[in-house]
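A.B. asks: If you read the sequence shown in my numbering, its first letter stands for residue 1182, the second for the next number, and so on. Each residue gets a CB set at the ideal place from its N, CA and C atoms; glycine is no exception.
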Amino acid sequence: MLRFSANLSFLYPDLPFLDRFRAAAQDGFEAVEYVSPYDQPAEAVAEILNETGLRQALFNLPAGQWDAGERGIGCLPDRREEFQEGLKTAIQYAKVLECPKLNCLAGIAPTHASHAELEAVFVDNLSLAAAMLADEGILLVIEPINLKDIPGFFLSHTDHAERLLERVESPNLKIQFDLYHAQIMQGDLIATFKRLHDQIGHIQLADNPGRHEPGTGEINYFNVLRAIEDSGYQGFIGCEYTPLAGTSEGLHWMQPFR
């Protein structure tokens, strides 16, 4: 049986952030995830998790100035100190929220730096983060993101993610396999998932085009999710999509897998 996590940065957009937890629990979700908890006191988030019985599946390391368009700082040469401080903050939150996984966003590649320089910075940051998180029992994941939604994003393909894992050489670093991003950049979702199965630490989904719920686009989610279920994948699958006609109203796609 598959287990689904409600991404509260996308689902229940009409509700205040903390009220989204209650809505997710009422709709039968077992866990939640989101871009960032850092604008809320960790204790307040922990309290709502305890109240609803939800588990915290995942959130991102601090990703820079999100409202200004930044999408991570992992590869940025002039942000190493900020990355290290953000890592400490993320660990503090993860411990309070009992969160087992953190996602490191690579960031948008600056035009003044070479690919080799950016990759060297990213590898150094990932090596540090993977080691520190391993000491806390927290898994680190990295996410390829499509270049249509975030032009210039440094990590956009699973092949690149594999190379980064090889360079870091840590069992505490895995891939966050977002099916929506992968469909746009490379397709071949089932074969790619099967090939990378042992290197995947978290999964997210949305349909394409539109980034709405499964069943609204071109991805055959019945087959894709059956392949994931048959693989024995034990983690949560994050529902990171923009509801087409309301979150609760659009959850019928999930019933065959619950």
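1) Buried or exposed: which applies to residue 1364, given that a residue is buried once 16 or more other Cβ atoms fall within 10 Å of its Cβ?
2) Out of 1198, 1240 and 1256, point me to the one whose CA is closest to residue 1270's CA.
3) Rounded to whole angstroms, how far is the Cβ of residue 1290 from the Cβ of residue 1283, which I believe are closer than 8 Å?
4) With which residues is residue 1206 paired in a DSSP beta bridge?
5) Give me the DSSP bridge partner(s) of residue 1239.
6) What are the start and end residues of the beta strand (DSSP E) that includes residue 1359?
7) State the start and end residues of the unbroken beta strand (DSSP E) segment that holds residue 1382.
8) Return the CA-CA distance between residue 1219 and residue 1296, expressed in angstroms with no decimal places.
9) I'd like to know if the stretch 1323-1340 and the stretch 1355-1370 are in contact, where contact means that at least 3 CB-CB pairs between them fall below 8 Å.
10) Assess contact between the stretch 1249-1262 and the stretch 1212-1231, defined as three or more Cβ pairs (one per stretch) separated by less than 8 Å. Is contact present?
11) Would residue 1202 be called buried (16 or more neighbouring beta carbons within 10 Å of its own) or exposed?
12) Between the Cα of residue 1183 and the Cα atoms of 1236, 1392 and 1411, which residue gives the shortest distance?
13) Could you tell me the alpha carbon to alpha carbon distance between residue 1429 and residue 1208, rounded to whole angstroms?
14) Since residue 1404 is in the alpha helix (DSSP H), which residue starts that stretch and which ends it?
15) Measuring alpha carbon to alpha carbon, tell me which of 1260, 1266, 1433 and 1303 ends up nearest residue 1323.
16) Is it true that the CB of residue 1397 sits closer than 7 Å to the CB of residue 1432?
17) With DSSP as the reference, please indicate the residues paired to residue 1321 in a beta bridge.
18) For residue 1281, which residues in the same chain have their Cβ closer than 7 Å to its Cβ, ignoring the five residues on either side in sequence?
19) Hey, out of 1315, 1353 and 1372, whose CA is closest to residue 1382's CA?
20) In the DSSP assignment, find the alpha helix (DSSP H) that holds residue 1267 and state where it starts and stops.
C.D. replies: Result, derived from the coordinates:
1) Within 10 angstroms of the beta-carbon of residue 1364 lie 16 or more other beta-carbons, which makes it buried.
2) Checking every option, the nearest Cα to that of residue 1270 belongs to 1240.
3) The distance from the Cβ of residue 1290 to that of residue 1283 is about 22 Å, inconsistent with a contact at the 8 Å cut-off.
4) Among the bridge pairs identified by DSSP, residue 1206 is matched with none.
5) Bridge pairing for residue 1239: 1214 [DSSP].
6) The continuous beta strand (DSSP E) containing residue 1359 extends over residues 1354-1359.
7) Secondary structure note for residue 1382: its beta strand (DSSP E) is the uninterrupted segment 1381-1386.
8) Between the C-alpha atoms of residue 1219 and residue 1296 there is a straight-line separation of about 30 Å.
9) Because the criterion of three Cβ pairs below 8 Å is met, the stretch 1323-1340 and the stretch 1355-1370 touch.
10) Counting Cβ pairs under 8 Å, fewer than three are found: no touch.
11) So residue 1202 ends up on the buried side.
12) The candidate whose alpha carbon is nearest that of residue 1183 is 1411.
13) Rounded to the nearest whole angstrom, the CA to CA distance from residue 1429 to residue 1208 is 7 Å.
14) Judged by DSSP secondary structure, residue 1404 falls within the alpha helix (DSSP H) whose first and last residues are 1402-1411.
15) Ranking 1260, 1266, 1433 and 1303 by Cα distance to residue 1323 puts 1303 first.
16) Not in contact: residue 1432 and residue 1397 (Cβ atoms no closer than 7 Å).
17) DSSP output for residue 1321 lists 1283 and 1354 as bridge partner(s).
18) Cβ within range, chain order: 1319 and 1320.
19) When only C-alpha atoms are compared, the closest one is 1353.
20) First-last of the alpha helix (DSSP H) with residue 1267: 1261-1278.
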